[in-house]
Structure formats: structure tokens, C-alpha cells
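Colleague: I'd like to ask you about the structure that follows.
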Amino acid sequence: MSNNTKLDLPEIVPQHIAIIMDGNGRWARRRGLPRLAGHRAGTENLRRVIEACVEFGVKYLTIYAFSTENWTRPRDEVSGLMRIFDDVFDRELAELDRQGAQLRHIGRLDGLNDSLREKVRNGIAMTKDNDRLVLNVAFNYGSRDEIVHAIQEMIKDGLDSEEVDEDLVSSYLFTAQSPDPDLVIRTSGEQRTSNFLLWQSAYSEWIFPDVYWPDFGRDELLAAIQEFGSRERRYGGLVPQQT
Ligand code: FPP
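The sequence shown begins at 192 in the numbering used here and counts up one residue at a time.
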């Protein structure tokens, strides 16, 4: 019996899963707690989902931690989120390293305070040789901003218009070192892309589980992978006729 059968995993496990971790605020409100308690619970949950990705053989996990638009949230929430990110580096980095996860950042590091920026850089350097799971943290990330940045860099590099094709554009995105996501999950029941991986998710399967992020654990991830396994990916073509 293969490992996949034992776990009830489909034959094809998505190599790259991207997640919009939505619903922390509503999870907290439902319990009469402040929104930041929801973000803390969401952070705890992230550890469980990373462990499950390693267990299921997912090779790339990209998480939307803070968007270029999240700066417009109330000041207390933004500073609370920054404190949570800061704590995570102090508390979780060693465990991430032990799991064999390689930390990468996508987005802009400006906007972070010096101490947090340094922690991100150290985390990336410390885990750079790990190869069980690549964890892309989208922080101060927006897909349109990423595309604008890519165009600016192409112009700076003096490229001719004939040299520009899809592979070249991909190579200028923050995600250049990762394959496109096979599966994008947005928790909480909301069904929007919210400026996340617009280019990269052109042919991804999208799943919108109706649970808030802090409640999206190992079983819910397994269910999403099973649902992915039942989808036919056509990339704009036709499904071959069964004979
Ligand atoms: C969306 O929920 C969640 C966020 C904007 C923040 C996500 C951040 C974490 C889970 C922290 C962990 C990340 C790292 C890298 C340590 P929401 O606030 O929009 O929820 P709502 O829609 O219910 O209000």
C-alpha cells in the first residue's frame, strides 16, 4: 500500500498550495474576543498547516500574511500584527528549521521596522538549505504591485519588447523561484482573489472552504487536497474523450 493510500491522499498531491488565510477577525468576534486574538489563533494554526503540508508531501506553501492594502487597517491592528510577526520569528523559526522548511519572502521588505526586517533576513539565511518544504510568506505583498515592480525591473535591464514573453515575466516576479500554485485556498467562505498571485494562479484550482482560518486544520487541508484530486485540470484545452 503506498503512503498516499494509507493517508487517503489522491495520486496527485498539489506540489504548490497557496492560501489566503481569511476569517481571523470573524473567528474572534464570534467568541467575543478582540480581533488580534483571532490573528494569534491564526498564527497557531499556521504551525499545524505547515506540519500537515510536510506530512502530505506538499513542496511549496505560499501564505498571504499581509497585503499592500492591509496598511489601511486601524493603527492598533497593524501594530498588533507586526508584534505577532516579530514574536513568530522568535518562537517558531527553530521549529520551522527542524521541520526542514525553507523560508522565503515575497513582496516588499520596506515598511517593516529595522528589527523585523533583520529577523526576516536572518530566517531566510538560516533555512536556505532546507528542502522539505518551501514556505513563501507574502508580506507587504500585492500582485499588481509585483507586476509593476517586474515591469520596472525589465525596463531598467534594457530589455527589447521582442524578448518579453510569459516565461520572462514569470522570472521577474517575486515568486520566480517557485512553480505556479496548483491549488489556491481561501478560507472563511469569501470568494475573491484580493490581489493575490494574479499572474501565477491563471490555471490554479481554487477552493473556498466555509471555515475561518483558525479552524482550518489538517483534516480540512486533507479534504481540500482530495477535492483537488477530483478536479480535471484542462489548461484551456479539452478533456480527452474516454473510449
Ligand atoms: C485575514 O483575516 C488575515 C490577515 C490579514 C492576517 C493573516 C495573518 C496571520 C494568520 C498571522 C500569521 C502569519 C505569519 C507569517 C506569522 P481578517 O482579519 O481579514 O479576518 P476577517 O475577514 O474575519 O475580518
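Glycine included, every Cβ here is placed at the ideal spot set by N, Cα and C.
Spell out a yes or no on whether the region 257-268 and the region 280-291 are touching, meaning 3 or more CB-CB pairs, one atom from each, closer than 8 Å.
Modeller: no
Colleague: Please name the residue in Asp-336, Val-339 and Gly-314 whose C-alpha comes closest to that of Asn-327.
Modeller: Stepping through the sequence shown from its first residue, residue 327 is reached at position 136. Among Asp-336, Val-339 and Gly-314, the Cα nearest to that of Asn-327 belongs to Gly-314.
Colleague: Starting from Ile-208, trace the beta strand (DSSP E) in both directions and tell me its first and last residue.
Modeller: Against the sequence shown, residue 208 aligns to sequence position 17. Start and end: 207-211.
Colleague: Do you know how far the Cα of Arg-226 is from the Cα of Arg-220?
Modeller: Start at 1 with the first residue of the sequence shown, and residue 220 comes out as number 29. Start at 1 with the first residue of the sequence shown, and residue 226 comes out as number 35. For Arg-220 and Arg-226, the distance between alpha carbons rounds to 7 Å.
Colleague: Return the CA-CA distance between Phe-419 and Met-345, expressed in angstroms with no decimal places.
Modeller: By 1-based counting over the sequence shown, the position of residue 419 is 228. By 1-based counting over the sequence shown, the position of residue 345 is 154. The alpha-carbon atoms of Phe-419 and Met-345 are separated by roughly 35 Å.
Colleague: Exposed or buried, Tyr-403, counting other C-beta atoms within 10 Å across all chains shown (16 or more means buried)?
Modeller: Counting from 1 along the sequence shown, the entry for residue 403 is found at position 212. It is buried - the Cβ of Tyr-403 has at least 16 other Cβ atoms within 10 Å.
Colleague: Please state whether the Cβ-Cβ distance between Tyr-251 and Val-325 is less than 8 Å.
Modeller: Position 60 of the sequence shown, counting from 1, holds the residue named residue 251. Position 134 of the sequence shown, counting from 1, holds the residue named residue 325. Yes, Cβ-Cβ distance for Tyr-251 and Val-325 is below 8 Å.
Colleague: Looking at the strands, I want to know which residues DSSP matches up with Phe-257.
Modeller: The residue labelled residue 257 in the question sits at position 66 within the sequence shown. Phe-330, per the DSSP bridge assignment.
Colleague: Would a C-beta distance cut-off of 8 Å place Leu-388 and Val-375 closer than the cut-off?
Modeller: Translated into the one-based positions of the sequence shown, residue 388 becomes position 197. Translated into the one-based positions of the sequence shown, residue 375 becomes position 184. In contact: Leu-388 and Val-375 (Cβ atoms closer than 8 Å).
Colleague: Check for me: the alpha helix (DSSP H) holding Glu-396 runs from which residue to which?
Modeller: Locating residue 396 in the sequence shown gives position 205, counting from the first residue. Here Glu-396 belongs to no alpha helix (DSSP H); instead the beta strand (DSSP E) covers 396-398.
Colleague: Less than 8 Å separating the beta-carbons of Arg-424 and Glu-381?
Modeller: As a first step, residue 424 must be located in the sequence shown, where it is residue number 233. As a first step, residue 381 must be located in the sequence shown, where it is residue number 190. No.
Colleague: Taking 7 Å as the cut-off, is the CB of Ile-376 close to at least one heavy atom of the ligand FPP?
Modeller: Here residue 376 refers to the residue found at position 185 of the sequence shown. No; taking the cut-off as 7 Å, the Cβ of Ile-376 has no heavy atom of the ligand FPP nearer than that.
Colleague: Exposed or buried, what is Glu-235 when buried is set at 16 or more other beta-carbons lying within 10 Å of its beta-carbon?
Modeller: Taking the first residue of the sequence shown as position 1, residue 235 is located at position 44. When all chains shown are included, Glu-235 counts as exposed.
Colleague: Which one or two residues does DSSP pair with Leu-167 in a beta bridge?
Modeller: Outside the modelled stretch of the chain, which goes from 192 to 434, sits residue 167, for which no answer is possible.
Colleague: Mapping DSSP to helix, strand and coil, what is Tyr-251?
Modeller: Working through the sequence shown from its first residue, we reach residue 251 at position 60. When DSSP states are grouped into helix, strand and coil, Tyr-251 belongs to the strand group.
Colleague: Once you ignore the five residues that flank Gln-417 on each side, which residues in its own chain have a CB closer than 8 Å to its CB?
Modeller: Your numbering for residue 417 matches position 226 in the sequence shown. Closer than 8 Å at Cβ, skipping near neighbours: Asp-199, Leu-200 and Pro-201.
Colleague: Can you tell me whether Arg-335 is helix, strand or coil according to DSSP?
Modeller: As a working note, residue 335 is residue 144 in the sequence shown. In the structure shown, Arg-335 adopts helical secondary structure according to DSSP, grouped into three states.
Colleague: Is it the case that the Cβ atoms of Ile-211 and Arg-377 are separated by a distance below 8 Å?
Modeller: Along the sequence shown, one-based indexing puts residue 211 at 20. Along the sequence shown, one-based indexing puts residue 377 at 186. Result yes, Cβ atoms of Ile-211 and Arg-377 sit closer than 8 Å.
Colleague: Going by DSSP, which residues form a beta bridge with Val-375?
Modeller: What you label residue 375 is simply residue 184 of the sequence shown in a count that begins at 1. In the DSSP output, where bridge partners are listed per residue, Val-375 has Ala-209 and Trp-397.
Colleague: Based on Cα-Cα distance, which residue from Leu-284, Pro-265, Leu-300 and Ser-306 lies nearest to Asn-321?
Modeller: Here residue 321 refers to the residue found at position 130 of the sequence shown. The closest CA to that of Asn-321, considering only Leu-284, Pro-265, Leu-300 and Ser-306, is found on Leu-284.
Colleague: Counting only the same chain and skipping the five closest in sequence on each side, list residues whose C-beta sits under 8 Å from that of Arg-217.
Modeller: The residue labelled residue 217 in the question sits at position 26 within the sequence shown. These residues qualify, in order along the chain: Gly-229, Ser-379 and Tyr-403.
Colleague: Check the C-beta distance from Ser-334 over to Asn-386 and give it rounded, since I have them as a contact under 8 Å.
Modeller: Here residue 334 refers to the residue found at position 143 when the sequence shown is read from its first residue. Here residue 386 refers to the residue found at position 195 when the sequence shown is read from its first residue. With 8 Å as the limit, Ser-334 and Asn-386 qualify as a contact, their Cβ atoms being about 5 Å apart.
Colleague: Can you tell me which of the three DSSP states Leu-300 falls into?
Modeller: Within the sequence shown, numbered from 1, the residue matching residue 300 stands at position 109. Here Leu-300 sits in coil by DSSP.
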